[in-house]
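Just so we're aligned: 929 in the numbering used here is position 15 of the sequence shown, and the numbers increase by one with no gaps anywhere.
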Amino acid sequence: KIIGFTPEHDVLIQSTDENGNPQIDKNGEPILIANPARQKEDEAVLNAKVFYTPDKTGDVDWVIKNINDTASENHKKTCLDMALM
């Protein structure tokens with residue numbers, strides 16, 4: 915796990931026209947669109963093999979469940995031994 919992670923890019927950005935000018939709606943408000951850079955960043959975080967927490971106090975130990983697989987390994991070995999007798 916990695917603590918203290920903050921995304922670099924904003925979730926939404928203002929839409930621009932082909933000339934790079936900011937677009938506004940009929941009420942004069944900026945038109946916001948999903949930020950492609952943030953989408954790539956979020957995808958990378960979701961596909962990572964580590965868990966990122968947003969602040970230094972974040973703890974994800976409750977998510978991790980350690981499983982003792984000795985019984986299942988013994989059962990698998992027994993089944994294999996019986997099949998190959």
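Glycine residues also receive a C-beta, built at the ideal position from the N, C-alpha and C atoms. Given the structure is predicted, the values throughout are model-derived calculations rather than measurements.
What residue does the beta strand (DSSP E) around residue 946 start on, and which one ends it? Run containing residue 946: 946–948, per the beta strand (DSSP E) assignment.
Would you check if there are 3 or more beta carbon pairs closer than 8 Å linking the region 962–969 to the region 937–945? no
What residues are listed by DSSP as bridge partners for residue 928? 946
Grab the span of the alpha helix (DSSP H) containing residue 995 for me, first residue to last. 984–997 is the extent of the alpha helix (DSSP H) around residue 995.
Out of 934, 935, 959 and 947, which one is the CA nearest neighbour of residue 921? 959
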